[in-house]
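The numbering used here puts the sequence shown at residues 2 to 54. The C-beta atom is built at its ideal place from N, Cα and C for all residues, glycine as well.
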Amino acid sequence: DWAYNIIKKVGNYGEIYDKYMGDGSSEGIGIPRAGTANALWTNGGLMYSPPFR
2 DWAYNIIKKV GNYGEIYDKY MGDGSSEGIG IPRAGTANAL WTNGGLMYSP PFR
């Protein structure tokens, strides 16, 4: 329940990154995730979260 509530309030990794760091960020930082270490593990990046049990 705690993980669901956190993700519901602040968003998942992709949503948080896009909001504060990505091309659509209000701060205008514009750091892309695609093709960098910030991409998800399934897309060649280093971001991986083991399953919670």
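Go through its chain and collect everything with a Cβ distance to Phe-53's Cβ below 7 Å, but skip five positions before and after it. Ala-4
Can you tell which of Thr-43, Gly-45, Trp-42 and Gly-31 has the C-alpha that lies nearest to the C-alpha of Asp-19? Gly-31
Would you kindly report the start and end of the unbroken alpha helix (DSSP H) that includes Trp-3? 3-11
Residues near Leu-41 by beta carbon distance below 7 Å, same chain, minus five either side: Met-48
For Gly-15, report the span of its alpha helix (DSSP H) as first-last. 14-21
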